[in-house]
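Asker:
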Amino acid sequence: MSNVTLSLDDLPNSLRLPPHLSAHKYFFVCTLTVAAWDTLVLSPRSWKLLKSEGWPVLKAIFFFLRIFMPVEFVIVGVAFFDSAWSRSVSLPCRNNYVSHAHYLSLQACQGFFLFEPICTAVLLAACSAVHTIRIHGIYDKNRSVLYGISAFLVLQVVVTAICCAFYRSVPLLEGQGCVAGPKHNWVGVYWLSITLFYTASLALAVNRSIQSLSTKTLSPWKLMLRDGLNLYGAIWFVNMVNMLFWFIIKPDSDGDSIKTIVTSMAAVLTTTMTLRIILSVRGTLYYGGSFAGVWSTSTGTHSATRGIGSARGPANAPSVLQINSHTHSAHTYTLDGIGQKVEHGWDGAEGKPDILPIPEHDHKGSTMSEPDYDTGYTKAPGLQGVKITVDREIVDFDPSRTK
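Residues in the sequence shown are numbered from 224 upward in steps of one, following the working numbering.
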């Protein structure tokens, strides 16, 4: 039996990859896995949203992102991994020193490499539009907030559109695929503009949540889950990491694609987190929904309150029930929000009412008298009775404050 020894040079180019390109291909497999997993996991909720009434803007963008994102990266993946992807193109060979297959690959890649940066710009512009509408909604349709976040959106769209003209195909060997890369280092402002937008989006979302703490105290963990701050934070984090790759990491050669290794994952994660922001909207999807720290009644919308005290609201607000005892040791309880109307989400599910239980007291050692069979209640010694009063508080209400 003869021994056959193969050197690294005997391997095809599709297997003889430099370290950075190999890492890029492995990372792109992770990107495709995340895209496929997200498509499957969100299918039940997507179907539920599809059956809901109406087509608000957020719903339309949701299904655009659901279809556009996986289609884009499947096409990009075919161009990246298939070594024979472009051999069906019929073009004459113009250079005797370049193989015919390699020449075909270069020609096809020259006509394709702009596909990813252009489609990604469209994808992320749609995601940013979702953030703009949602931020506008949680700030109670505040026009100043809308104008501010819209300025970042316009900046992102303009910058990404300009930067697409300064991409090129990374000069890889035959069979190593087609990858888009920047002509100059400053093309990284493509992702800088995107990161600036999601920084502003995260800051506004966190600020709105902090404002709600003045009326309802929550732990940081509960606050994060209630307002979806983890979704905004994940989007900001992945885009920040991608931007650092663009401006800090230095490629080994002109054919090194290390700068774009995180771009696909950043786009996919931004899309998946944005889809979850839409699905987590409380109330109707029209006009961006409502803020999770606000409850609705038949007479208006109020911030949730906690503790003993009346909820201030407009005239004819629901009554406040106070239970007072005549003894000095008894407690006073206030039940806010009587007649509260539970707000329904876009999927018809009722929101969890914000009801605080009356604290339980230790009655060990206390003696109770025999029950009063006339009233059906048991009287404690020395307790003359319980007085129930209905206190309706009416305050001045300025409708312009809610706009």
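Cβ coordinates follow ideal geometry from the N, Cα and C atoms, glycine included.
1) Looking only at its chain, what residues have a beta carbon closer than 8 angstroms to the beta carbon of Pro267, apart from the 5 residues adjacent to it on each side?
2) Assign Glu397 to one of two classes, buried (16 or more other C-beta atoms within 10 Å of its C-beta) or exposed (fewer than that).
3) Taking its Cβ as the centre, do 16 or more other Cβ atoms sit within 10 Å of Thr497, making it buried, or is it exposed?
4) Which word fits Cys332, buried or exposed, when buried means at least 16 other C-beta atoms lie within 10 angstroms of its C-beta?
5) Measuring straight from C-alpha to C-alpha, what distance separates Leu419 and Phe375?
6) Give me the Cα-Cα distance between Val464 and Leu492, rounded to the nearest whole angstrom.
7) When the distance is taken between beta carbons, is Gly511 closer than 8 angstroms to Ile356?
8) Looking at His285: is its Cβ nearer than 8 angstroms to the Cβ of Ile501?
9) Looking at the unbroken alpha helix (DSSP H) that takes in Ser432, where does it start and where does it end?
10) Would the beta-carbon of Trp444 be found less than 7 angstroms away from any heavy atom of the ligand ADP?
11) With 16 as the cutoff for other CB atoms within 10 Å, does Val377 come out buried or exposed?
12) With distances taken Cα to Cα, identify the nearest neighbour of Ala302 among Leu337, Trp414, Ser373.
13) Looking at Tyr362 and Val219, is the spacing between their C-beta atoms short of 8 angstroms?
14) Given that a residue counts as buried once 16 or more other Cβ atoms are within 10 Å of its Cβ, and exposed if not, what is Lys445?
15) Are Thr383 and Ala344 close, meaning C-beta to C-beta below 8 angstroms?
16) In angstroms, rounded to a whole number, what distance separates the CA positions of Leu441 and Pro405?
17) Counting only runs of 4+ residues fully inside the region 320-404, write out the alpha helix (DSSP H) ranges in chain order.
18) Consult DSSP for Arg239 and reduce its assignment to one of helix, strand or coil.
19) Apart from the five residues just before and just after Trp469, which ones in its own chain have a Cβ nearer than 7 angstroms to its Cβ?
20) Report all residues from its chain with a CB closer than 6 angstroms to the CB of Glu339; omit the five preceding and five following residues, and keep chain order.
21) On the three-state DSSP scale, how would you describe Ser442?
22) Hey, would you say Leu454 sits closer than 8 angstroms to Arg499, going by beta carbons?
23) Quick check: the Cα distance between Ile472 and Trp278, rounded to an integer number of angstroms?
24) Is it buried or exposed, Gly400, if we count other Cβ atoms within 10 angstroms and call 16 or more buried?
25) Apart from the five residues on each side of it in sequence, which residues of its chain come closer than 6 angstroms, Cβ to Cβ, to Ser513?
26) Looking only at its own chain, which residues have a Cβ that is under 6 angstroms from the Cβ of Ala258, when we skip the five neighbours before and after it?
Answerer: On the basis of the data shown:
1) none
2) buried
3) buried
4) buried
5) 7 angstroms
6) 12 angstroms
7) yes
8) One point to set straight first is that residue 285 is Phe, not His, in the sequence displayed. Against a cut-off of 8 angstroms, the Cβ pair of Ile501 and Phe285 comes out as a contact.
9) 412-435
10) With respect to small molecules bound, the structure shown includes none, and the ligand ADP cannot be examined in it.
11) exposed
12) Leu337
13) Coverage of the chain is limited to positions 224 through 626, which leaves residue 219 absent and any answer about it impossible.
14) exposed
15) yes
16) 46 angstroms
17) 323-333, 338-361, 366-386
18) coil
19) Gly411, Trp414, Lys482
20) Val299, Ala403
21) coil
22) yes
23) 44 angstroms
24) buried
25) Arg505, Gly506
26) Pro293, Phe296, Val491
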